[in-house]
Amino acid sequence: MENTFHNKRLIIIAYRLPFKIIKEEGRDVLFQNSGGLVSAVLSLSEKLNFDNNNKNIIWAGCSDDHREKLTELCKNERILLEPIHLPQSVDAKFYGGFCNSTIWPLFHYFPYLTLFDESYYASYVKANELFFEHLKPILQPGDIIWIHDYHFMLLPQLIRKHVPECSIGFFLHIPFPSFEIFRLIPRKWREELLLGMLGADLVGFHTHEYSAHFQESVRKTLDFENKLGVIKTDTYPVKSDAFPVGIDIDKFQNALKLPTVERKKDDIKLNTKGNKLVFSVDRLDYTKGIIYRLKGFEYFLENFPEWHSKVILQMIVVPSRDIITAYKERKKEIEATVGRINGKYGSITWQPIVYQYKSLDFEQLVASYAMADVGLVTPIRDGMNLVAKEYIACQENYSPGMLVLSEMAGAAIELNDAIIINPTDYKELALALKQGLEMPLGEKLRKINRMQAILKNYDVFAWATDFFYQLENIKKHQKKVEIRFINQKLEQFIVESYKSATNRVLFFDYDGTLVPLAKLPENALPSDKLLSLLDTLCNDTANTLAIISGRDKAFLEKWFGKMNIHIFAEHGAWHKPPLSEKWNSLGAVQNNDWKKEILPILEKYTFRCNGSFIEKKSISLAWHYRNVNPDLGALRSQELKHELQNSIKPEDKLQILDGNKVIEIKNATYNKGTSANILMMNNRPYDFILAIGDDKTDEDLFATIPNDAFSIKVGTEASLAKYNFNNQMEVLSLLEKLI
């Protein structure tokens with residue numbers, strides 16, 4: 010982290026600033042806002058490096074407080090605050106609308122509570138644009154920009170276009186849902202949201218599952234493939250990975266020793282009057298499973314009467330978004346349920362549930378964690394849930410409690426020594442509560458110590474270090490890849506080399522190179538512009554042109570047969586010299602008896618894989634799966650390859666080509682490289698060689714041509730080619746410049 014922040018600024022962007030100004034006895038005082046992000050980053054800021062003269066952390070967020078007043082009150086803090094004011098008319102539909110009535114319920118798997126309102130989305134777009142316009146004068150090349158959460162999914166792309174030299178990290182603190190849930194968002198919105206997130210260099214999530222869901226949605230919505238978490242966009246690679254946020258465990262454990270905390274612990278002991286204490290604290294939110302929790306506690310009281318007058322559930326509900334109807338209704342339901350249970354089981358001397366609708370200060374929270382015999386953390390869905398980690402951090406060896414934790418919380422992956430439950434199963438919750446209360450001390454100590462070791466090993470500082478290390482790595486990878494991409498300077502060098510040459514040869518693939526890929530091969534027809542460009546190039550006497558394609562003879566002859574071009578069909582099985590009427594066979598045209606055995610296999614997979622089809626060529630067969638669900642297509646193609654490998658006889662001398670969404674079976678004696686060799690060997694030495702292709706089959710071509718040739722792969726994948734184009738349109742642009 011030291012190298013990362015040396016002479017650089019960190020700009021944090023979140024919906025809220027970490028502080029706000031409140032009145033206390035008539036004076037303006039600084040008050041820390043609640044939330045895991047605020048606590049985590051403020052703890053983090055104490056250990057980040059600063060330059061000699063200025064603070065180098067800027068936090069931008071929504072606030073109606075004046076910058077000058079915030080700066081004055083915040084002068085002893087280690088960050089600079091950048092308040093941004095959103096008009097109330099925008100903020101209401103941005104925050105209360107799209108953020109908390111669309112994204113929040115949908116991403117937490119509550120589609121029935123989700124509202125798809127066009128005015129909400131328009132305000133979301135507007136709010137992201139207003140944030141960007143405010144930040145634009147502040148941003149500098151070299152800045153590290155860390156954007157947080159679902160409020161600003163469009164912002165990374167806006168910043169990327171303005172300051173491409175900066176490093177951008179985006180972190181989503183809530184779950185990213187499966188594609189089946191995400192696809193409920195209207196297509197245009199979800200495309201824009203994903204493209205916005207992909208403006209970042211690194212997209213972080215709390216768990217691998219969320220990261221995998223994001224990658225799946227990107228693949229199925231935008232058709233961007235990924236390998237080992239690196240997403241291949243049209244312009245640059247983006248990394249997606251899991252970074253489970255930690256806590257500052259030392260801060261909590263040191264607080265346990267404070268005299269004020271000791272006094273608060275004594276107060277709790279006095280007030281509980283010898284009862285065991287079950288403690289829960291949550292924001293008011295339907296995702297937190299509070300009603301199920303109460304139902305589970307009620308079942309516990311009903312079925313284990315021996316615990317009557319011996320246990321108290323202290324339930325703290327922190328006010329949150331109570332202007333939203335769904336939250337107001339949930340508060341009423343919680344209070345009614347608490348009243349009913351207390352009325353049913355309570356007595357003059359014992360009240361089973363102590364319910365409070367308020368926030369707790371840090372010291373009171375630490376004391377409550379330490380004194381609780383069971384920590385009850387049972388959200389229906391939660392991105393991480395730091396309450397679970399904070400509770401474990403505050404357990405002391407002489408009297409540890411036990412954590413009952415929902416399997417739906419991201420924290421359950423790390424804290425698997427807790428009693429893990431399904432939060433909707435109230436009977437399981439009740440049994441877990443009994444288990445936690447009755448667990449032997451030795452077992453509790455072993456479990457708590459293991460979980461505390463995990464929290465110490467990956468605390469908030471390790472979380473940030475890991476995130477910024479991966480951000481630095483993907484930036485290095487981008488620069489390494491960028492060297493291969495054709496930029497303006499390199500393109501000019503290619504053009505100048507072309508113009509100074511007197512004997513040139515140009516090799517082109519067809520699909521994905523000269524024309525865009527299409528769902529059906531018959532729809533990928535050459536444009537008038539392409540035909541005109543090729544006609545001009547092939548009529549230059551200094552040029553030799555060759556199209557080497559997997560297409561069959563009839564198609565290629567129809568479009569290029571009258572041009573002064575060498576045509577190689579079926580990956581080089583056939584060659585038609587310029588303006589010739591005759592096709593020459595380049596691989597011995599063996600008998601095609603093998604097709605009788607292979608064709609039924611391909612037909613079987615076509616039947617099993619909706620959208621796939623077979624292309625029958627004169628001496629080869631191809632199984633296309635470009636129109637198939639990506640996951641199914643990938644699975645079936647691997648199954649097909651395995652079956653073909655076991656079915657093909659050595660004496661048939663067949664080759665299985667794994668191309669771009671196509672599996673092709675052909676004779677192994679020829680390929681695109683052998684085709685190129687025909688021209689390379691039969692002519693005088695060329696002083697300019699250019700080869701462009703987009704498929705795996707073009708690697709044979711790139712491997713064959715000399716080292717001093719210009720070889721270009723269309724796409725971002727690694728290749729034997731020296732350089733890359735981002736997309737097929739850049740091929741036509743280069744041809745225009747050559748002319």
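Count the sequence shown with my numbering and you get residues 10 to 748, in order. Just so it is clear, CB atoms sit at the ideal spot from N, CA and C, and this is done for glycine as well. These figures come from a predicted structure and were not determined experimentally.
- If one requires a minimum length of 4 residues, the alpha helix (DSSP H) runs lying completely within the stretch 694-737 are 708-713, in chain order.
- For P246, no alpha helix (DSSP H) run applies; the uninterrupted beta strand (DSSP E) run containing it begins and ends at P246 to A251, by DSSP.
- Its chain contains I325 as the residues whose beta carbon lies nearer than 6 Å to that of Q365, once the 5 sequence neighbours on both sides are disregarded; these appear in chain order.
- Beta bridge pairing from DSSP links H317 with no other residue.
- DSSP places R635 outside both helix and strand once states are collapsed to three, so it counts as coil.
- Between the alpha carbons of I430 and S408 lies a gap of roughly 23 Å.
- Judged by pairs of C-beta atoms under 8 Å, the stretch 548-557 touches the stretch 499-519, as three or more such pairs exist.
- Within the stretch 170-198, the complete alpha helix (DSSP H) runs of at least 4 residues fall at 188-191.
- A Cβ-Cβ contact shorter than 8 Å links L19 with W155.
- The alpha helix (DSSP H) runs of length 4 or more contained entirely in the stretch 430-495 are, from start to end of the chain, 435-447, 450-466 and 469-491.
- DSSP, read as helix, strand or coil, puts T553 in strand.
- In the structure shown, I153 adopts extended strand secondary structure according to DSSP, grouped into three states.
- Note: I21 is bridge-paired with W68 and W155 in the DSSP secondary-structure output.
- Cβ-Cβ distances below 8 Å link S72 to R25, L26, K29, L79, L90, P92, I93 and H94 in the same chain, with the five nearest sequence neighbours on each side left out; the list follows chain order.
- Here the C-alpha atom of P195 lies approximately 14 Å from the C-alpha atom of K229.
- For I748, the CB contacts under 7 Å within the same chain, skipping 5 residues up- and downstream, are L542, T545 and L546 in chain order.
- For the 8 Å CB-CB criterion, E660 and L666 do not form a contact.
- Collapsing the DSSP output to three states places I300 in a helix.
- For E673, the secondary structure class from DSSP, reduced to helix, strand or coil, is strand.
- Within the same chain, and ignoring the five residues on either side of Y130 in sequence, the residues whose Cβ sits closer than 7 Å to its Cβ are F107 and W198.
- CA-to-CA, the gap between S621 and P530 works out to about 12 Å.
- In the structure shown, the three-state DSSP call for P92 is strand.
- If you compare the alpha carbons of F476, G205 and A209 with that of S176, the shortest gap goes to A209.
- Look at D518 here: in three-state DSSP terms it is coil, with no helix or strand label.
- It is roughly 16 Å from the alpha-carbon of L446 to the alpha-carbon of K436.
- Your pair I401 and M460 checks out as a contact, with CB atoms roughly 5 Å apart and the cut at 8 Å.
- Looking at the DSSP output, F622 bridges to H633.
- Excluding sequence positions up to five before and after R493, its CB lies within less than 6 Å of the CB of Y732 and N733, all in the same chain and listed in chain order.
- Its chain contains A264, L267, T269, V270 and K273 as the residues whose beta carbon lies nearer than 8 Å to that of E372, once the 5 sequence neighbours on both sides are disregarded; these appear in chain order.
- Rounded to whole angstroms, F161 and F141 show a C-alpha spacing of 10 Å.
- Using a Cβ distance threshold of 8 Å, K17 and D152 count as a contacting pair.
- E624 and G559 have their C-alpha atoms some 11 Å from each other.
- Between the stretch 601-612 and the stretch 580-590, the count of C-beta pairs closer than 8 Å stays below three; the two stretches do not touch.
- The straight-line gap separating the alpha-carbon atoms of S329 and E234 is approximately 39 Å.
- Exclusion of the five residues before and after K658 leaves W603 as the residues of its chain whose Cβ lies within less than 8 Å of its Cβ.
- Taking G355 as the centre and dropping the five residues before and after it, the same chain places the C-beta of P361 closer than 7 Å to its C-beta, in chain order.
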